[in-house]
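This report refers to the structure that appears directly beneath it.
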Amino acid sequence: MDFILDAFSNVKANVPSWLLAIPESQFRPETPEKPIYNANPLRYCYWPLTNCIKSMTSLSEDTTYCSTQTDWGLSFDRGPFVTTRHRNDTIALLRFMKAQDLRATFFLQGTRAIIHRDTVTDLYMEGNEIGVSSWTGRPMTTLSNLEIVAEIKFIEALVYEYLGVVPRLFRPPYGDLDDRVRAIAQALGYQIVLWSKNAKDVLSEGKGGVISQHFESSPSGMGLLMEALIHKPPGLNVLPVGACIDKPSYRNENVW
């Protein structure tokens, strides 16, 4: 795993030591989406508690909105999800999106992507954008610096093996993000993408400019999303996140 150690060396060389020393959160298996944050959430721009997207350090601002009000950045997290009957899963979603001529961003989780290579390939070949979530889906602030690097680089390497591309966009599981995770991800070359609205908000407000987050495995959520997509306001463009923020989807580099 030399490529992990090389990436970690790069992180240590480019990220200030005080950022790497921010304490890890406490992982709670019963509620993984709500780790116990052991540092000052305001000082270290901890998004789940503060909605902070711009650190007081030199770190780049996280992305939560599209560049224009006429665009809707559609994204899905921690898939692909595949069931035997293809109901409420990524394959059913892909069929719906093909019928509606829609594209989105899929932030992949390694433990799911590795057993569903064909689905990952189909997503990409249909013009959807592939982003990185993590390998295991564990909240990032609960991990050590080396573990964060490994979580990102392993799924990055898998995407490169499958598709021959290196993603630019990263979304931490559950949006679990502070300045330590932010600094490491940016040192690895990633643009961090969070979200601003859900499908219900878009449908009720009738406005764009937002980035929404969804899970293909949620029956109620997917039903509402499909309704919102079918009945979206005229002139609202549904796009992958990269297109809605006018940034390329992939980087021209090798992961190894």
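In the working numbering, each number is its position in the sequence shown, counted from 1, plus 2. Beta carbons: idealized from backbone N, C-alpha and C, even for Gly.
Burial state of residue i (16 or more Cβ within 10 Å)
i, result
"G129", "exposed"
"W258", "For W258, the pLDDT reaches just 49, beneath the cut-off of 50, and the residue's location in the model is therefore unreliable, leaving the point undetermined."
"L44", "exposed"
"S19", "exposed"
"S60", "exposed"
"N254", "exposed"
"E153", "buried"
"T70", "exposed"
"M99", "buried"
Residue range of the unbroken alpha helix (DSSP H) whose run includes residue i
i, result
"V161", "N147 to L165"
"V13", "D4 to N16"
"S19", "S19 to L22"
"T33", "T33 -> no alpha helix (DSSP H), and no H or E assigned at all."
"L51", "W49 to T52"
Run of the beta strand (DSSP E) containing residue i, from where it starts to where it stops
i, result
"L241", "N239 to L241"
"I186", "Premise fails: I186 lies in the alpha helix (DSSP H), D181 to A189, not in any beta strand (DSSP E)."
"V195", "Careful: V195 lies outside any beta strand (DSSP E) and carries neither H nor E."
Beta-carbon proximity of residue i to residue j, cut-off 8 Å
i, j, result
"S251", "T66", "no"
"D64", "F109", "no"
"G210", "C47", "no"
Using 8 Å as the threshold, is the stretch 65–75 in touch with the stretch 229–249, meaning 3 or more CB pairs across them? yes
If you pair each beta-carbon of the stretch 167–179 with each one of the stretch 11–25, do three or more pairs fall below 8 Å? no
Taking contact to mean 3 or more Cβ pairs, one atom from each stretch, closer than 8 Å, check whether the stretch 156–171 and the stretch 29–49 are in contact. no
Touching or not, the stretch 114–125 and the stretch 79–96, by the rule of three or more beta carbon pairs under 8 Å? yes
Which parts of the stretch 68–142 are runs of the alpha helix (DSSP H), unbroken and 4 residues or longer, counting only runs that do not cross its ends? 92–102, 112–115 and 119–127
Closer than 8 Å is the cut-off here; do at least three beta carbon pairs connect the stretch 145–159 with the stretch 225–239? no
Does the stretch 47–66 come close enough to the stretch 175–191 that 3 or more CB-CB pairs lie under 8 Å? yes
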